[in-house]
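Order-wise, the sequence lines are chains A, B and C.
Converting from the first sequence to this note's numbering requires adding 128 to each position, the first position being numbered 1.
Converting from the second sequence to this note's numbering requires adding 2 to each position, the first position being numbered 1.
Converting from the third sequence to this note's numbering requires adding 1 to each position, the first position being numbered 1.
Here a beta-carbon is modelled for each residue, glycine too, at the ideal position from N, C-alpha and C.
Quick caveat, the model's predicted, so the values are computed rather than measured.
These notes are about the structure you will find just below.
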Amino acid sequence: MHPAYSVILFTTSSGAGFGLLAWLAFGILTSPPASSFTFYLVAFALAYTLAIGGLLCSTFHLGHPERAWRALSQWRTSWLSREGVAAIAALGIGALLALAALADVPVWLQRILAAPTLVLALATVWCTGMIYETLPTIRAWSHVLTTEVYLMLALASGALVLTTILALLGWPSPGAAWAAIVLLALSALMKAIYWNGIDAAPRTFTVGSAVGLGAGTKVRPLLEAHTEANFVMREMGYRVARKHADKLRLMVMAFAFAVPILLLVLLIAKPVLGPFAATLATISAGIGLFTERWLFFAEAQHVVTLYYGAARA
Amino acid sequence: MSEPKVATSVPPADEIKTTTCYMCACRCGIQVHLKDGKVRYIDGNRKHPVNRGVICGKGSAGIMQHYAPSRLKAPLLRTGPRGSGQFKEITWEEALTTATSWLSQVRASDPRKLAMFTGRDQSQSLTGWWAMQFGTPNFAAHGGFCSVNMAAAGLYTFGGSFWEFGEPDWEHTKYFLLFGVAEDHGSNPIKAALGKLKQRSAKIVSVNPVRTGYNAIADEWLGVKPGTDGVLVGALIHELFRTNNVDLDYLVRYTNAPWLVIQDKGAKDDGLFARDADGKVLAWDKTTDSLARADRTDITPALVGEFTLPDGRRAVPSFRLLAERFLSSEYTPEAAEKICGVPAGTIRRIAEEMADVAFQQTVTLPIKWTDWAGREHDSITGRPVSVHAMRGISAHSNGFHTCRMLHIMQILLGTIDVPGGFRYKAPFPRPAPPGARPVGKPEQVKPNTALPGMHLGFVHGPEDLLVDADGKPSRIDKAFSWEAPIAAHGMMQMVITNAALADPYPVDVLFMYMANMAWNSSMNIGATLDYLTATNEDGSYKIPKVIYSDAYASETVAYADLILPDTTYLERYDCISLLDRPISEPDGPADAIRHPVVAPDRNVRPFQDVLIELGARLGLPGFTKEDGTPRYPGGYPDYIVNHERSPGVGPLAGWRGADGSKFGMGEPNPKQLERYIENGAFHLHHLEPGQRYMKHANRGYLEFAKSVGFIPHADPIVFQLYCEPLQKFRLAARGHGSVQPPDRYRQRIERFFDPLPFWYAPFEGGLIDDRAYPMHAVTQRPMAMYHAWGSQNAWLRQIHAANRLFMHRDRARELGIGDDDWVWISSHIGRVKAQVQLMEGVNPDTVWTWNAIGKRAGAWGLDADAPEATRGFLLNHLIAELLPPRDGGYRYANADPVTGQAAWYDLRVRIEKAPAAEVHETFPRFEPLPSPTGITPPAVSDFGRAFNKDRA
Amino acid sequence: MTALPASTKRKLGLVIDLDTCVGCQACATSCKEWNTGGYSAPLSDIDPYGADPHGAWLNRVHAYDVGEGATSRTVHFPRSCLHCETPACVTVCPTGASYKRAEDGIVLVNPDTCIGCKLCSWACAYGAREFDAADGVMKKCTLCVDRIYNEHLPEEDRVPACVRACPTSARHFGDLGDPDSAVSQLVKQRGGVDLLPEMGFKPVNKYLPPRPRRDATTLAAPAAPETASPSNGSVMDRFFTWADQMLSR
């Protein structure tokens, strides 16, 4: 699949944004009241910047961005539509939560808003994952862990951003850092299982079946329909070379997980280095997650490639 | 939520105009649907006899031919050096004045110095007649590099041929063999027919080095080596003889099989037919055991044996010579297998299958008919084996004889013009060979004088050659000379070379129409471009003036001095005439017109209008009245209606006579074009059922054909298994007769003018080191581009913007070549670089590619970096127009020695992997050409939006 | 409207005969020509005369090398929307622009509401949906919905443009939901198949596989003749003896 930067930016940025929003809601639900105007201002602002920025980014790949509102209509059948509805609901109720937190209204009122914000923020990310997981045409995406990885990465990146905000504001939080470490480690584990899974998955769709000549028949392209690449080939024909992909996977493991975890350990061990370590961990994770998402597309083979030279998919 | 309401019944057109397509030789009927005065879409005319409603990939893309930004927009005069592509726009008045002044000087001094060659012209009966009125012997169209081998072989053998001359009886045939056919001459009819054969499960056998297109759906594919079809056919004939599967009754009735051939070595009539005192050919009558006139119907002619003539000399039936030839060891399946690669067992099986269908699965139609002798029959029985063949047979230096063998195979099976066999299309059959002789002997060419007849014809013996007393060619292309005596379509491919080399003489004006001779229509392009730009010591061009007419910015535009911009096919009148290349059906003669369905939006004029006006300005006899005023002031439509080639015979055969009631012959009808337009732009005359088969020997048909001027007399047309005119050339080569070849031709004429067909290896492989060039290389046009003029079509070029060199997977592996690798293709004259595509369905000794996809950068209105220029390539660069020197340094044309057909399928090459470090781009590439129109092509084409305003 | 109809009254679709298709591209260009000015107008072409020409097409014809060696064959393969019974391209659509008509089963995109998110093209296994970069919406085969019901066309022309054009009659149009229809009968006789049936989209369009060859791989060669012996005469003598018949003209 063609790794479109708009979609990659969208899913990584929005994932972190909704993850952060979920953590803020979770914090309000579970922590003793600890009002801090500055913290909420910075944290909610960042969550919204990441979430909305990502959503805006995603409209760049639309043919008609001005019609994007129409995407809210088909929530009964379409995960993309559900994602949009959930995102708007999460951001809407989350905005009330933000105002409530900033205005320091009674905590029970904040918690009434925090509970749905938490659920909707996670639901948004869940829907994003389900858009991909429910496409049987792309084996790597229809893997059972696709959505879980999306959710886990959103929570991990949200926790990391939260840790960073706290560190930068001078309130290093070992709790948040530990949460981020655990989630990053879990994410790494799940991603490894996912990669292992898609590598091991048998490619059962064959070109013989695609052209109706029998699944076992040897079929090779002789004349392309057109000599120059068409939309389908450009959009779905992209495939990263295996050797290159292996290097990029290592890079993901290092930048998205290993380096941030080490830096967070450093933050816990030497709180004085907190702001530095947290910022660096976030940047590193950003690079790693961007690469992870790029690979998510570039490694995914669409079944339509059978018509364009692939023997199996 | 409910479904959106879809407008399912929007009127697709305000007006539908019916006309004729013009992107190949098929000439299908089309309906042009116009909306808001613009072409909305084009589909097939269901009533049209050629395509019956279907349309091909090109025809459906005709709209983009019409919207192409490469359309020339005004007359141009060259301003920079030839080939620079620098022009200025001029008015039509300036253009016509310039052309007239150039041409009138030539006509007044030496009309030979106009060479007029018209490429894929569909109006040769006008352009040829114009050249005849001008008085130059130098006229032809593109047949010399297309398929004259087929036309000549067929016309000399049975008075017909494949493509426009006839076709299989698709309704009844049960066994169909396809020899060397890509999408040649008859694309939609063949496609429709293959569909029918498939529905009936008739067997289709393909003989072709490449298994694509039609060949891909054949029941059996025989992947022969190029140029070896002849030996395969010879072996099939061998098997038919060996197994006694020839139709002897058919042979004695309709062929010269029983005609006695004089056997008298060294005599001046050795190998000619034995004739009586009245010149009538003799046969041996077994009933009376005596000689008898062969045309008598009451004899029992002997097909074998040896007989004594009154003068004591020996004579044998020609059939015996034929049988001896093909029963010889040279044509056994085993011998053929070694040459063509088809297993002997397969050859035996195919022969057995053909014989089984021909003799055990006959088709009888209850049609009453009268034969040439006046005998009435209640039915016609056919042997339903049919053949179609095309360029894979014709574009070889052995194509004439190979094609003769094919026809002889059909005749031996008794399958000509019978149900299920091959059927003639009017005006064919004609006598074999037709009577018209070529015109243009030295004494027939005089200043300011028309030629006494049309240029192209059929030599019956050396006396008909267009040569001077020394045997030197009269024509610039050397057609009808000892170099190519039966060059019935001329040799357009030699014109530029010969003119630049002044061999046999220089010309002053080269006038071309619709022939991309500076690119894909020439062999050895680099040399051709050198010839077009070659100068004398004083700096003048060796070909002093070049006039060219084309509708598009082709490569050749840049090499002309004066450009006469033509219209597209939707903006013009045209005439698809029975005098020219007809569109008849076996069941009846047909012709058609084109008429303007939209007006040109630029300063262009139909070439035929321009030619008629030039004719009037030059004062050519046929184009001016006695008082010197133009004869056809209304241009081409005026000519189509009012021109009479002979009294009552004009360009169109339908609705003649003042009231439109006559067919074939009749005075001009001023409303003729209206009648054609009302009828869908065509006319089809339905033959009576009794006239539809056995036309060569069917009194009803022959008398009809005579009455409408197709044939000079209603005598039966006798198939010439043994071709006596060829023997006459042989005798001349042996020193007999007054017209003698120059000595260097004697051996060549002796060998190749065999009155019985034979197979010999194509020339190129024999003249070069074939171990250095072990592979054969051929080309074909892709269906979506077949016969289409270039890549200016935005849709078709998306399908084929670049081409690959296709080769067999196993051979590539042996050569260390992988899929998508770049390779060098080398021939004895040059090399070309291309990207490889491997495949299974190709003869392992053969590589092939799509022809004419490669374009010169900047031509055809394309950007200079278009794939056509960077990854598209031509094999033409590798094909020599002249063979390597021999016989004392003389270089013969790379052509069939009988007909002069360009032998571009004889090409031999070597394939080597290109070093990985090289740039992945084709070679050779020439300087980009500037656009002669100055039009910047659009970045997006979305013209269809205008047809759907509701959505905008 | 991305919910699929529980059932459709008819299942209109195409039957494509791979035994007869010669790969001429007539279906592809006639489709392009009709549809660029029809319901889907325009089918834009980008860089039409430049280095990278590409446009929106609703029908594309491939050719494949099938098998190896003597039994290999060349198969031409036209590919367009199969109007699946359970098309994922419809259910993933977030706007409802994609829908399957309850009346005849045709899968359509409403060009006025499509946002061009391309998700439907990801959901389609057959590459049938193309994004029109200049128009900003997805384009796909409409089964010429603006022809087959068009009262301004003669009745015999109320078929998809590709079927109308196909020179070899390799394309057939009809109701595959009606077991007695000509197309259903053809599918039955010739063993018509689904493409990628294991994906579960239940294509309506069917493909008729190439028929078995009648060539050296399936037919035995006749035995080689015995060489001529003095007793039975040479091949030539035997033939001349046979041909020495009393034949009348």
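Alpha carbon to alpha carbon, what distance is there between residue j and residue i?
i, j, result
"residue 610 of chain B", "residue 789 of chain B", "20 Å"
"residue 621 of chain B", "residue 612 of chain B", "14 Å"
"residue 490 of chain B", "residue 482 of chain B", "8 Å"
"residue 73 of chain C", "residue 240 of chain C", "39 Å"
"residue 134 of chain C", "residue 191 of chain A", "7 Å"
"residue 236 of chain B", "residue 197 of chain C", "47 Å"
"residue 399 of chain B", "residue 233 of chain B", "14 Å"
"residue 179 of chain B", "residue 22 of chain B", "29 Å"
"residue 954 of chain B", "residue 603 of chain B", "The pLDDT assigned to residue 954 of chain B is 43, lower than 50, so where the model puts this residue is not dependable; a value taken from the coordinates is nonetheless given after this. Residue 954 of chain B and residue 603 of chain B: Cα-Cα distance of roughly 26 Å."
"residue 64 of chain C", "residue 76 of chain B", "42 Å"
"residue 940 of chain B", "residue 799 of chain B", "15 Å"
"residue 608 of chain B", "residue 96 of chain B", "17 Å"
"residue 392 of chain B", "residue 155 of chain B", "12 Å"
"residue 300 of chain A", "residue 294 of chain A", "5 Å"
Strictly below 7 Å CB to CB, what residues from chain C border residue i?
i, result
"residue 202 of chain A", "3, 94, 95, 96, 97"
"residue 170 of chain A", "Within chain C, no residue comes near residue 170 of chain A; the closest Cβ sits about 33 Å away, beyond 7 Å."
"residue 209 of chain A", "95"
"residue 799 of chain B", "54"
Going along chain A in order, which residues have a C-beta closer than 7 Å to the C-beta of residue i?
i, result
"residue 653 of chain B", "Residues of chain A passing the Cβ test: none, with the nearest at roughly 41 Å."
"residue 126 of chain C", "265, 431, 432"
State the DSSP-derived secondary structure class of residue i, mapped to helix, strand or coil.
i, result
"residue 422 of chain B", "coil"
"residue 114 of chain B", "helix"
"residue 29 of chain C", "helix"
"residue 480 of chain B", "coil"
"residue 812 of chain B", "helix"
"residue 145 of chain A", "helix"
"residue 617 of chain B", "helix"
"residue 375 of chain A", "helix"
"residue 19 of chain C", "coil"
So which residues on chain A does residue i lean against when the C-beta distance must stay under 8 Å?
i, result
"residue 869 of chain B", "355, 356"
Which stretch, first to last residue, makes up the alpha helix (DSSP H) that contains residue i?
i, result
"residue 200 of chain B", "189-202"
"residue 388 of chain A", "387-397"
"residue 264 of chain B", "Segment 262-265 is the beta strand (DSSP E) holding residue 264 of chain B; no alpha helix (DSSP H) there."
So with CB distances below 7 Å, who are the chain B contacts of residue i?
i, result
"residue 350 of chain A", "841"
Could you give the first and the last residue of the continuous beta strand (DSSP E) run that contains residue i?
i, result
"residue 711 of chain B", "Careful: residue 711 of chain B lies outside any beta strand (DSSP E) and carries neither H nor E."
"residue 2 of chain B", "Past the boundaries of the shown model lies residue 2 of chain B; chain B is included only from 3 to 954, so the question cannot be answered."
"residue 80 of chain C", "74-81"
"residue 177 of chain B", "177-181"
"residue 295 of chain B", "292-295"
Give the interface partners of residue i over in chain B, defined as CB-CB distance under 8 Å, in chain order.
i, result
"residue 13 of chain C", "Under the 8 Å cutoff, chain B gives no residues; its nearest Cβ is about 12 Å from residue 13 of chain C."
At 9 Å on the CB atoms, spell out the chain B contacts of residue i, in chain order.
i, result
"residue 179 of chain C", "In chain order: nothing, as chain B lies at least about 20 Å away."
Report the start-end ranges of each beta strand (DSSP E) in the stretch 516-598 of chain B that is 3 residues or longer and not cut off at the edges. 547-552, 564-567, 576-578, 592-596
Unbroken stretches of the alpha helix (DSSP H), 4 residues or longer, contained in the stretch 199-237 of chain A: 207-231
Could you name each continuous beta strand (DSSP E) segment of 3 residues or more that falls completely within the stretch 45-95 of chain B, going from the start of the chain to the end? 78-80, 89-91
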